[in-house]
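I have placed the structure first, in the form of structure tokens, so that the comments after it can refer back to it.
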Amino acid sequence: MDSMDTKEIIEQYGTKSQADLMYEAQLRAKWKFRTNVVISWVAMLIFLLFLFSGINGSFGGFSIKTIHLDFQFIRENLAFVAGGIAQTILISFLSIGLAIILALLTALGRISNIPPIYAICTFYVSLIRGTPLYLQIFFFFLALPQLGIVLPGLWAGVLALGLNYGAYMSEIFRAGLSSVSKGQREAALAIGMTSAQMMGRIVVPQALRFAIPPIGNEFIAMLKDSALVSATGFVHELMWRSTKVGRASFRNLEALVMAAIFYWAMTLIFSTVQGQMETRMSKGDR
Amino acid sequence: MASIIRISNLDKFFGRLQVLKQISLEVEPKEVVCLIGRSGSGKSTLLRCINFLEEPSGGIIEVDGLQVKAGGKGKQHRQLVHEVRLKTGMVFQEFNLFPHMSVVENVMEGPVTVKKMDRGKAVKIAEMNLERVGMSEKRDEYPNRLSGGQKQRIAIARALAMEPKVMLFDEPTSALDPELIGEVLAVMKKLAEDGTTMLVVTHEMGFARDVSDRVLVLSEGVLVEEGDPEQIFNNPKDRRTQALIERYRMDRQSPNPN
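Chains as they are written, first to last, in our numbering: chain A, 1 to 286; chain B, 287 to 544.
Given below as structure tokens:
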């Protein structure tokens with residue numbers, strides 16, 4: 001190609017290659033999509049705010065009546081309801097901690113070849129998955145005292161949630177354990193490790209790493225399921241506080257809207273954290 | 287001197303299929319023995335029976351004076367197997383490095399966890415063995431950032447760190463890209479020259495011919511021939527060995543090495 005041609009091409013298309021142009025077009029399409037999503041989200045938020053704006057009147061022949069919220073009530077009770085956030089987070093952390101331990105033990109038990117251990121683990125999973133979480137929570141708060149066992153409110157809640165999530169999460173750890181290849185086990189045995197050392201040093205650490213992103217998801221689900229504990233009236237977390245003030249002054253709408261905003265905000269924050277953790281893990285140095 | 291490995295009448299069944307038939311062999315101290323044979327001839331299984339990654343069905347395995355009968359059960363048997371594993375170092379086809387540990391941690395893992403050595407001393411041993419395989423520079427890397435050849439050299443260092451009496455190699459270059467095979471074979475050759483006792487299952491006929499002291503030929507679970515490399519490669523007696531060597535020569539002459 002002679003110099004004249006090259007000059008013409010540059011004038012017409014710039015100095016970018018075909019690949020650059022295609023890449024830029026892709027970026028533009030992606031950006032456009034994202035912008036549209038954000039705009040739609042904002043529109044829906046505005047609509048939601050409008051719905052709760054309390055506007056009441058007629059505009060050019062249309063009469064509009066939106067939901068009226070008692071902001072006086074919200075201001076007065078905001079601090080009390082928000083005070084439940086710490087309890088909600090605490091109970092979720094403690095419960096997920098218990099659930100992780102139970103889930104790991106159960107997953108290990110389910111790959112065991114000792115019949116009683118295998119039986120105990122499958123029995124536990126079957127029992128918990130076969131009954132409602134709501135029932136299990138009441139069992140620890142209301143049924144146990146009948147047998148003379150009275151647990152402090154928080155611990156009864158943690159026990160119920162932890163046992164329940166442990167059963168479901170054992171599946172995560174089972175997948176994690178089976179993600180560790182047979183070669184890893186053989187390499188550990190070949191350098192002289194005992195079975196216990198092999199599990200503790202090689203298999204379980206790799207299974208845990210595999211399980212971290214799904215555990216994050218479970219924690220976020222737990223944040224919301226912890227609201228069920230409020231039904232018993234012994235744990236003063238977010239949901240309990242909101243229903244208490246709502247019922248007392250017949251302002252349930254305002255009270256529940258407050259709680260919903262707090263739950264939603266917590267979920268958004270922890271989802272972001274979890275998402276970042278996931279990207280970091282998938283890059284995976286370790 | 288007493289043999290490091292002595293196998294007597296080893297049988298191995300997978301269900302009804304007999305993959306090893308009455309195998310008997312010995313490996314002397316400082317000897318390099320190569321085990322060759324077609325795929326499916328049972329050579330990997332034979333190697334894996336020595337450190338009981340496969341439980342032999344019959345026969346006796348003796349490693350450095352420690353005798354273990356096949357088919358044993360219970361605590362005493364497990365203890366014997368454990369001791370055999372301490373006396374043998376194993377290198378796998380697929381490397382099997384621990385991905386959640388850095389290179390130096392991989393090599394230290396045996397001494398620290400199994401031998402309960404203190405970390406300072408284990409680090410020194412790990413560094414020394416990484417030096418031996420030429421991987422000192424990658425000390426703090428994680429395995430998934432390394433090439434297959436580098437991984438395999440580290441796997442060799444990991445096995446050496448336990449100071450085994452004999453090194454078992456299970457097709458150490460079969461999972462490698464052709465251009466990476468050389469660096470691993472060079473390390474193994476150096477070990478051989480340093481007087482390491484080695485039993486090597488391999489398809490690398492060049493290595494078997496040039497480095498080993500003795501070559502064993504396995505075919506369909508039977509040891510069909512045994513001799514020094516000179517004799518096996520230039521004057522094979524058994525017709526199955528002849529076929530194996532013939533095919534190797536044909537492959538070498540063909541333009542496509544694969």
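Here a beta-carbon is modelled for each residue, glycine too, at the ideal position from N, C-alpha and C.
C-alpha distance - residue i paired with residue j, whole-angstrom precision
i                            : j                            : result
leucine 256 of chain A       : serine 226 of chain A        : 15 angstroms
isoleucine 531 of chain B    : phenylalanine 519 of chain B : 6 angstroms
proline 515 of chain B       : aspartate 20 of chain A      : 59 angstroms
isoleucine 39 of chain A     : leucine 48 of chain A        : 14 angstroms
tryptophan 264 of chain A    : leucine 372 of chain B       : 56 angstroms
threonine 374 of chain B     : leucine 477 of chain B       : 15 angstroms
methionine 394 of chain B    : arginine 425 of chain B      : 11 angstroms
valine 245 of chain A        : alanine 259 of chain A       : 11 angstroms
glycine 157 of chain A       : serine 195 of chain A        : 36 angstroms
phenylalanine 381 of chain B : methionine 536 of chain B    : 30 angstroms
histidine 386 of chain B     : lysine 7 of chain A          : 55 angstroms
serine 170 of chain A        : valine 349 of chain B        : 41 angstroms
arginine 525 of chain B      : isoleucine 114 of chain A    : 50 angstroms
phenylalanine 234 of chain A : valine 150 of chain A        : 12 angstroms
cysteine 121 of chain A      : valine 510 of chain B        : 51 angstroms
proline 429 of chain B       : histidine 363 of chain B     : 34 angstroms
valine 367 of chain B        : phenylalanine 139 of chain A : 50 angstroms
asparagine 544 of chain B    : glutamate 465 of chain B     : Residue placement at asparagine 544 of chain B is flagged as unreliable, the pLDDT there being 47, under the threshold of 50; a coordinate-derived value is accordingly withheld.
valine 508 of chain B        : glutamine 517 of chain B     : 19 angstroms
phenylalanine 384 of chain B : arginine 405 of chain B      : 18 angstroms
serine 249 of chain A        : glycine 84 of chain A        : 19 angstroms
threonine 106 of chain A     : methionine 22 of chain A     : 51 angstroms
glutamine 72 of chain A      : glycine 200 of chain A       : 57 angstroms
Supposed contact pair residue j and residue i - C-beta distance, whole angstroms, cut 8 angstroms
i                         : j                         : result
threonine 232 of chain A  : isoleucine 137 of chain A : 7 angstroms
glutamine 379 of chain B  : alanine 461 of chain B    : 5 angstroms
valine 319 of chain B     : leucine 485 of chain B    : 5 angstroms
lysine 451 of chain B     : isoleucine 336 of chain B : About 12 angstroms; that fails the 8 angstroms criterion.
serine 388 of chain B     : glutamate 427 of chain B  : 7 angstroms
alanine 99 of chain A     : isoleucine 128 of chain A : Between isoleucine 128 of chain A and alanine 99 of chain A the Cβ distance is about 11 angstroms, and since that is not below 8 angstroms, they are no contact.
valine 473 of chain B     : valine 419 of chain B     : 5 angstroms
methionine 222 of chain A : serine 58 of chain A      : Their Cβ separation, rounded to whole angstroms, is 47 angstroms, which puts methionine 222 of chain A and serine 58 of chain A out of contact at 8 angstroms.
Close Cβ partners of residue i (< 8 angstroms) along its chain, the five nearest in sequence each way excluded
i                         : result
isoleucine 202 of chain A : Val180, Gln184, Arg185, Ala187, Ala188 and Met193
valine 377 of chain B     : Gln438, Ala441, Ile442, Ala445, Met453, Leu454, Phe455, Asp456 and Pro458
glycine 216 of chain A    : Phe270, Val273, Gln274, Met277 and Glu278
lysine 407 of chain B     : Pro397
isoleucine 467 of chain B : Gly435, Thr459 and Glu490
lysine 224 of chain A     : Tyr263 and Thr267
methionine 421 of chain B : Val389, Gln436, Arg439, Ile440 and Ala443
Chain-order list of residues whose beta-carbon lies under 7 angstroms from that of residue i (same chain, five-residue window excluded)
i                         : result
valine 487 of chain B     : Leu321, Lys329, Ser330, Leu333, Phe455, Asp456 and Glu457
leucine 471 of chain B    : Thr459, Glu490 and Phe493
proline 214 of chain A    : Ile172
lysine 316 of chain B     : Gly481 and Thr483
isoleucine 212 of chain A : Met277 and Met281
Best match in the options for proximity to residue i [C-alpha to C-alpha]
i                            : options                                   : result
proline 205 of chain A       : A/Leu108, A/Leu147 and A/Thr122           : A/Leu108
glycine 153 of chain A       : A/Val81, A/Val229 and A/Ile114            : A/Val229
leucine 135 of chain A       : A/Pro116, A/Leu161 and A/Ile111           : A/Leu161
isoleucine 346 of chain B    : B/Val354, B/Asp404 and B/Val367           : B/Val354
lysine 410 of chain B        : B/Pro429, B/Pro464, B/Glu340 and B/Ala447 : B/Ala447
asparagine 164 of chain A    : A/Ile101, A/Gly61 and A/Gln197            : A/Ile101
serine 498 of chain B        : B/Glu512, B/Val367, B/Phe384 and B/Glu506 : B/Glu512
glutamate 449 of chain B     : B/Asp463, B/Met414 and B/Ser422           : B/Met414
lysine 401 of chain B        : A/Phe210, A/His68 and A/Gln197            : A/Gln197
phenylalanine 300 of chain B : B/Glu479, B/Arg495, B/Thr527 and B/Gly326 : B/Gly326
isoleucine 287 of chain A    : B/Arg533, B/Ser422, B/Glu469 and B/Asn392 : Since the first residue shown for chain A is 1 and the last is 286, residue 287 of chain A is missing from the structure and cannot be characterised.
Cβ-based neighbour list, residue i, same chain, cut-off 6 angstroms, excluding 5 preceding and 5 following
i                            : result
leucine 311 of chain B       : Ile293
proline 342 of chain B       : Leu296, Lys298, Cys335 and Ala356
aspartate 285 of chain A     : Only weak support is given to the placement of aspartate 285 of chain A: the predicted model assigns it a pLDDT of 48, under 50, and the value that follows is read from those uncertain coordinates. Closer than 6 angstroms at Cβ, skipping near neighbours: no residue.
threonine 88 of chain A      : Ser226, Glu237 and Leu238
serine 53 of chain A         : Thr66
isoleucine 261 of chain A    : none
phenylalanine 219 of chain A : Ile96
asparagine 77 of chain A     : Val245
Cross-strand partners of residue i (DSSP beta bridge)
i                           : result
phenylalanine 47 of chain A : None; phenylalanine 47 of chain A has no bridge partner.
serine 63 of chain A        : A/Ser58
threonine 279 of chain A    : Bridge partners of threonine 279 of chain A: none, in fact.
glutamate 512 of chain B    : B/Leu502
glutamate 348 of chain B    : B/Arg292 and B/Gln353
glycine 375 of chain B      : B/Met453
isoleucine 440 of chain B   : Paired residues: none, contrary to the question.
leucine 416 of chain B      : None; leucine 416 of chain B has no bridge partner.
isoleucine 309 of chain B   : B/Leu296
cysteine 320 of chain B     : B/Val486 and B/Val501
glutamine 304 of chain B    : B/Phe299
Neighbour list for residue i in chain D, Cβ cutoff strictly below 8 angstroms
i                        : result
histidine 368 of chain B : Of the protein chains in this structure, namely A and B, none is chain D.
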